[in-house]
Amino acid sequence: MKLLALSDSEKEYQDSDLENSIIKILSDNNSSFFNLAALFEAEGGREEEVINIEIINKIANTLGLLFINPKEREGKVCFANSQDLRPDFKQSFVLLDLLNFSSAVLHSRIYRQGKQDFLEIPIPSDSCIFWQLVQIGSNLRNK
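Each residue of the sequence shown is one higher than the one before, starting from -16 at the first, in the numbering used here.
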């Protein structure tokens, strides 16, 4: 019984963090958007491309972070890419981070009420908000 109450309070905490983060992003008048369908459209119809690099660059530039392709990440030892690093010190992100972020945004009550017809996901200009939503999305995915 006590465990159930704890998980409910954790869920409420996570939900309030999620909603507050979305409000912060949407209140930024300079917000850019992307959608998942366009993210996975290969440019020029080349099959070896899985993601649209123009959208990735737009997201990376807005966040002030580098995008690391998983192929480039293999074999490199760098603490800057460590999952244990505090979010405010992270300098790069990978596709899984972006998918976790998107999952959190699409899960939010505010987003579902206001953007039902559009699958546009806002890009935060604050990387700390991005990382907070990445963590929430990861928690949702791992439930």
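C-beta atoms are modelled at their ideal positions from N, C-alpha and C, and glycine is treated no differently.
Do residue i and residue j have their CB atoms nearer than 8 Å?
i: Gly47; j: Ser110; result: yes
i: Arg95; j: Glu2; result: no
i: Phe17; j: Ile119; result: no
Along the chain, where does the alpha helix (DSSP H) containing residue i start, and where does it finish?
i: Ser15; result: Premise fails: Ser15 lies in the beta strand (DSSP E), 15 to 18, not in any alpha helix (DSSP H).
i: Ile212; result: The structure shown has nothing for residue 212, since the chain only spans -16 to 126.
i: Ile119; result: 110 to 124
What does the Cβ neighbour count give for residue i, buried or exposed, with the cut at 16 atoms within 10 Å?
i: Lys73; result: buried
i: Val213; result: Since the first residue shown for the chain is -16 and the last is 126, residue 213 is missing from the structure and cannot be characterised.
i: Ile106; result: buried
i: Leu116; result: buried
i: Met(-16); result: In this prediction, Met(-16) has a pLDDT of 33, which is less than 50 and means its spatial position is unreliable; nothing more can be read from the coordinates.
i: Ser4; result: buried
For residue i, I'd like the list of residues in its chain whose CB is within less than 7 Å of its CB, leaving aside the five on either flank, ordered along the chain.
i: Leu123; result: Ser86, Ala87, His90
i: Phe113; result: Leu46, Phe84, Pro107
Grab me the residues of residue i's own chain with a C-beta within less than 8 Å of its C-beta, minus the 5 sequence neighbours each way, in chain order.
i: Ala(-12); result: In this prediction, Ala(-12) has a pLDDT of 40, which is less than 50 and means its spatial position is unreliable; nothing more can be read from the coordinates.
i: Phe23; result: Val33, Ile34, Asn35
Since residue i contacts residue j with CB under 8 Å, what's their CB separation in whole angstroms?
i: Leu102; j: Ala20; result: 7 Å
Give the range of the beta strand (DSSP E) segment to which residue i is assigned.
i: Pro105; result: 103 to 106
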